[in-house]
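In what follows, a structure is listed as structure tokens, so that the remarks can point back to it.
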Amino acid sequence: MLWSPVFFLFLPGFFSGVFTKKILAWPADSSHWLNLKPVLEELTHRGHEVTVLVYSANLLIDHNKPSQIKMEGFPVAFTKQDLVQFQEDFLHLWLYDMHSMPYWGLFMHMKEAMEKLYEMQRVTCDAVVKNKELLNKLQNEKFDIVVADLLSHCGELIAEILGVPFVYTYRLDNTLGRACGQLPSPFSYVPAVVTSFTDKMSFGERITNFISYVFQDLITYLLIIKDWDNYYSEVLGQSVTFCEIVGKAEMWLIRTYWDFEYPHPLLPNFEYVGGLHCTPAKPLPEEMEKVVESSGEHGIVVFSLGTLVKNLSDERSNVIAAALRQLPQKVIWRYRGKKPDTLGENTVIYDWLPQNDLLGHPKTKALITHGGTNGIYEAIYHGVPIVGIPLFGDQIYNLVHITSKGMAVTVDFNKMSSQDLVNAVNTVINNSTYKENAMRLSRIHHDQPVKPLDRAVFWIEFVMRHKGAKHLRPASHELTWYQYHSLDVIGFLLLCLITFFYITVKFLSCCCRKFSRTKKEKIQ
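Quick note on numbering: full-length UniProt numbering labels position 457 of the sequence shown as 457, and the sequence is numbered without any gaps.
Shown next, in the form of structure tokens:
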């Protein structure tokens with residue numbers, strides 16, 4: 001029998017329906033959902049039954065809207081407007097206030113903001129784990145796995161209550177990965193997320209990096225872990241820690257890849273799947289295609305500050321618009337705020353952009369972005385250089401990575417002038433090394449034995465097939481912090497060394513006294 005490639009191409013079809021499992025998803029909001037959605041759609045396409053838990057105030061998911069994925073909606077005691085208001089207040093703090101605050105004032109404001117966020121998350125979690133009717137319904141479904149986004153806590157708690165394994169999809173920083181997942185992060189060459197260092201640090205930078213890690217871990221404990229320790233213990237009726245539950249994750253699917261990351265140690269239950277949402281460009285809407293084609297030989301610049309930033313202050317929006325009007329390119333800008341007075345004829349504003357398709361268009365010359373991983377990976381996928389305007393969170397950290405790899409220039413949102421932005425855009429477009437580096441990273445990204453989406457789906461199915469992946473879990477989870485760092489061994493060896501020196505000194509002292517007495521007796 002001839003085993004043609006066509007047979008292997010259709011081989012998965014013969015088994016569709018044979019390996020059918022039930023999957024429960026606990027997503028986070030905004031761009032995080034846009035990254036998880038392709039994974040769930042692919043799992044559905046492969047014959048699995050996917051159910052997504054959606055709280056009533058979710059900004060992107062309408063559980064009443066028809067979908068190939070089953071949406072299980074549940075009410076929460078806050079509204080969409082409450083969530084929007086929180087996001088606007090949080091962004092205003094980051095964009096306009098924090099730069100003029102002393103560190104202590106910033107910490108207190110951040111503490112207050114995080115308390116509001118986690119209060120909403122606890123209310124959301126309560127609506128599931130303390131809702132007997134919904135919980136019984138979920139238990140009767142007999143799910144095989146929970147796929148959760150760690151940014152929105154509770155998915156792991158639901159998995160613990162249901163008694164099923166869970167997998168994370170995650171990208172913010174390595175803090176919880178280190179604290180709860182035991183991910184090694186040597187301070188000497190793995191930069192802390194609160195710094196703007198690369199993996200090549202001077203002695204002074206390594207000192208700062210060490211202190212930053214200590215500060216970062218302390219803040220994480222005070223603002224996140226401590227309160228969730230108490231909440232999880234209350235719900236489960238026993239003394240547990242947040243990291244104890246989080247650390248049970250079978251796999252961590254991290255939304256970056258080695259085209260973006262600096263080389264560093266990785267555990268076998270951590271898998272990089274960055275760019276899984278990226279696809280070849282599809283045709284643009286007719287009206288938008290006309291705008292793009294009208295750009296002539298200069299091409300277009302795509303500008304988006306993400307799903308959360310809907311408007312800017314008049315001063316900042318006018319600075320940006322004044323810069324864009326000086327460019328020879330057409331600019332397609334995603335913006336929902338008040339139209340800037342300085343807006344030029346070359347700039348077209350849209351409420352929404354098919355960003356992936358725009359970046360794959362041959363006339364696209366550059367992307368201006370806030371530095372979210374989704375946008376960065378679309379730029380890497382299509383080989384488009386970047387001008388970064390980081391706003392908050394891990395965006396500075398993200399842009400440091402690609403700036404150090406030579407495909408981006410970064411400007412400061414609060415300090416940049418119109419000319420600074422013009423210079424940055426002209427640099428990445430007119431200096432060919434930025435395009436060359438973007439294409440180099442694009443080739444690295446595409447040169448993978450298995451596509452990121454297929455890899456993410458494989459590991460989810462792997463965990464379902466084997467009812468976990470305990471063989472990939474490091475023994476460090478069973479060690480105390482002092483055992484993990486071998487402080488007990490070091491202490492024991494130091495004690496042995498001190499004891500040895502003590503005995504040696506005592507022995508030599510005794511010998512000296514005895515020798516001295518013997519010598520005196522001989523003289524007498």
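Idealized CB from N, CA, C, for every residue including glycine.
Source: prediction; values computed, not measured.
Indicate whether Phe-260 and Ile-402 have their beta-carbon atoms separated by less than 8 Å. The count along the sequence shown starts at 1 and reaches residue 260 at position 260. The count along the sequence shown starts at 1 and reaches residue 402 at position 402. Cβ distance < 8 Å, so Phe-260 and Ile-402 count as in contact.
Segments assigned beta strand (DSSP E), at least 3 residues, entirely inside the segment 142-189: Unbroken beta strand (DSSP E) runs of no fewer than 3 residues, entirely contained in the segment 142-189, are found at 145-149 and 166-170, following chain order.
When burial is assigned at 16 or more other CB atoms within 10 Å of the CB, is Phe-10 buried or exposed? Here residue 10 refers to the residue found at position 10 when the sequence shown is read from its first residue. Here Phe-10 scores only 42 on pLDDT, less than 50, and its place in the model should not be relied on; the value that follows carries that caveat. Answer is exposed; the Cβ neighbour count stays below 16.
With which residues is Ser-304 paired in a DSSP beta bridge? Numbered from 1 along the sequence shown, position 304 holds the residue referred to as residue 304. Its beta-bridge partners are Arg-334 and Thr-369.
Between which two residues does the alpha helix (DSSP H) holding Thr-51 run? Mapped onto the sequence shown, residue 51 falls at position 51. From DSSP, Thr-51 is part of no alpha helix (DSSP H) but of the beta strand (DSSP E) over 49-55.
Would DSSP call Val-411 helix, strand or coil? Translated into the one-based positions of the sequence shown, residue 411 becomes position 411. Under the three-state reduction of DSSP output, Val-411 falls in the coil class, being neither helix nor strand.
Of the residues Met-464, Phe-270 and Lys-363, which one's Cα is nearest the Cα of Glu-289? Counting from one through the sequence shown, the residue named residue 289 turns up at place 289. Minimum Cα distance to Glu-289 is reached at Lys-363.
Can you tell me which of the three DSSP states Glu-72 falls into? The residue labelled residue 72 in the question sits at position 72 within the sequence shown. Three-state result, Glu-72: strand.
When Lys-80, Tyr-381, Gly-372 and Gln-68 are compared against Leu-391, the one with the closest alpha-carbon: Here residue 391 refers to the residue found at position 391 when the sequence shown is read from its first residue. Across the set Lys-80, Tyr-381, Gly-372 and Gln-68, the C-alpha of Gly-372 shows the shortest separation from the C-alpha of Leu-391.
Three-state secondary structure (DSSP) at Arg-503? Along the sequence shown, read from residue 1 onward, the residue named residue 503 stands at position 503. With the sequence shown as reference, residue 503 is identified as Ile, and Arg is not the correct amino acid for it. Correct three-state label for Ile-503: helix.
What number of angstroms, rounded off, separates the C-alpha of Ala-127 from the C-alpha of Trp-228? If you number the sequence shown from 1, residue 127 lands on position 127. If you number the sequence shown from 1, residue 228 lands on position 228. Each residue's Cα considered, the two are about 16 Å apart.
Kindly indicate the opening and closing residues of the alpha helix (DSSP H) around Lys-111. Stepping through the sequence shown from its first residue, residue 111 is reached at position 111. It spans 103-129 - the alpha helix (DSSP H) in which Lys-111 sits, taken as one unbroken run.
For a test of the three-state rule: what should DSSP assign to Thr-20, helix, strand or coil? Working through the sequence shown from its first residue, we reach residue 20 at position 20. Residue state, collapsed to three classes: coil.
Would you check if there are 3 or more beta carbon pairs closer than 8 Å linking the segment 292-302 to the segment 42-59? No: fewer than three Cβ pairs fall under 8 Å.
N- and C-terminal bounds of the beta strand (DSSP E) containing Met-251: Within the sequence shown, the letter at position 251 stands for residue 251. Residues 251-254.
Pairing CB atoms from the segment 212-221 with CB atoms from the segment 172-181, are three or more of them under 8 Å? Contact between the segment 212-221 and the segment 172-181 is present, with at least three C-beta pairs closer than 8 Å.
Do you know offhand how far Val-6's Cα is from Leu-312's? Sequence index remark: in the sequence shown, residue 6 carries index 6 (1-based). Sequence index remark: in the sequence shown, residue 312 carries index 312 (1-based). With a pLDDT of only 42 at Val-6, under 50, the local geometry of the prediction cannot be trusted, and no value is derived from it.
Taking just the CA atoms, how far does Ile-224 sit from Asp-351? Stepping through the sequence shown from its first residue, residue 351 is reached at position 351. Stepping through the sequence shown from its first residue, residue 224 is reached at position 224. One C-alpha to the other measures close to 34 Å.
Local Cβ density within 10 Å of Tyr-482, reported as buried at 16 or more and exposed below that: Start at 1 with the first residue of the sequence shown, and residue 482 comes out as number 482. Classification for Tyr-482: exposed.
Using alpha carbons as the reference points, say which of Ser-67, His-370, Tyr-232 and Pro-66 lies closest to Cys-125. Translated into the one-based positions of the sequence shown, residue 125 becomes position 125. Minimum Cα distance to Cys-125 is reached at Tyr-232.
Three-way DSSP call (helix, strand, coil) for Gly-13 in this model: For the purposes of this step, residue 13 is taken as the residue at position 13 of the sequence shown. Residue placement at Gly-13 cannot be trusted, given a pLDDT of 43 that sits under 50; what the coordinates show is reported in the next sentence. If DSSP states are grouped into helix, strand and coil, Gly-13 belongs with the helices.
In the DSSP output, what is Ile-61 paired with across the bridge? Within the sequence shown, residue 61 is the residue found at index 61, counting from 1. According to DSSP, Ile-61 bridges with nothing at all.
Classify Ala-77 as buried or exposed, calling it buried when 16 or more other Cβ atoms lie within 10 Å of its own Cβ. Stepping through the sequence shown from its first residue, residue 77 is reached at position 77. Result: exposed.
In or out: Pro-265 buried (at least 16 other Cβ within 10 Å) or exposed? Reading the sequence shown from its first residue, position 265 is the one you call residue 265. By the 10 Å Cβ count, Pro-265 comes out exposed.
Which value, in whole angstroms, describes the spacing of the CA atoms of Glu-119 and Ala-28? Counting from one through the sequence shown, the residue named residue 119 turns up at place 119. Counting from one through the sequence shown, the residue named residue 28 turns up at place 28. Near 15 Å, if we compare the C-alpha coordinates of Ala-28 and Glu-119.
Within 8 Å, strictly: CB atoms of Asn-230 and Glu-250: In the sequence shown, the residue the question calls residue 230 occupies position 230. In the sequence shown, the residue the question calls residue 250 occupies position 250. No, they are not a contact pair.
By how many angstroms is the C-alpha of His-45 removed from the C-alpha of Gly-155? Translated into the one-based positions of the sequence shown, residue 155 becomes position 155. Translated into the one-based positions of the sequence shown, residue 45 becomes position 45. Cα to Cα, the separation comes out at about 23 Å.
Straight-line Cα distance separating Asp-357 from Lys-467: Position 467 of the sequence shown, counted from the start, is the residue given in the question as residue 467. Position 357 of the sequence shown, counted from the start, is the residue given in the question as residue 357. One C-alpha to the other measures close to 38 Å.
Would you mind reading off the limits of the alpha helix (DSSP H) that contains Thr-347? In the sequence shown, the residue the question calls residue 347 occupies position 347. Where Thr-347 is concerned, there is no enclosing alpha helix (DSSP H), although the beta strand (DSSP E) it sits in stretches over 347-350.
Whole-angstrom distance between Val-387 and Lys-451, CA atom to CA atom: What you label residue 451 is simply residue 451 of the sequence shown in a count that begins at 1. What you label residue 387 is simply residue 387 of the sequence shown in a count that begins at 1. Roughly 27 Å separates the two Cα atoms.
Please return the same chain residues whose Cβ sits closer than 6 Å to the Cβ of Gln-68, not counting the five positions on each side in sequence. Within the sequence shown, numbered from 1, the residue matching residue 68 stands at position 68. Same-chain partners within the cutoff: Thr-44.
Kindly give me the distance between the Cβ atoms of Ile-23 and Ile-145, rounded to whole angstroms, as I take these residues to be in contact under 8 Å. Along the sequence shown, one-based indexing puts residue 23 at 23. Along the sequence shown, one-based indexing puts residue 145 at 145. About 6 Å separates the two Cβ atoms, so the contact holds.
Please determine if the segment 375-383 and the segment 273-289 are in contact, where contact requires at least 3 C-beta pairs separated by less than 8 Å. A contact exists between the segment 375-383 and the segment 273-289.
Hey, Val-319 and Ser-239: beta-carbon distance below 8 Å or not? Here the question's residue 319 lines up with position 319 in the sequence shown. Here the question's residue 239 lines up with position 239 in the sequence shown. Judged by beta-carbon spacing, Ser-239 lies beyond the 8 Å limit of Val-319, meaning their Cβ atoms are not closer than that value.
Could you tell me the alpha carbon to alpha carbon distance between Leu-236 and Ile-161, rounded to whole angstroms? Mapped onto the sequence shown, residue 236 falls at position 236. Mapped onto the sequence shown, residue 161 falls at position 161. Taken atom to atom, the span from the alpha-carbon of Leu-236 to that of Ile-161 is near 8 Å.
Pick from Asp-82, Leu-151, Val-302 and Thr-347 that is closest to Asp-394, judged by C-alpha positions: Sequence index remark: in the sequence shown, residue 394 carries index 394 (1-based). Distance from the Cα of Asp-394 is smallest, within the candidate group Asp-82, Leu-151, Val-302 and Thr-347, for Leu-151.
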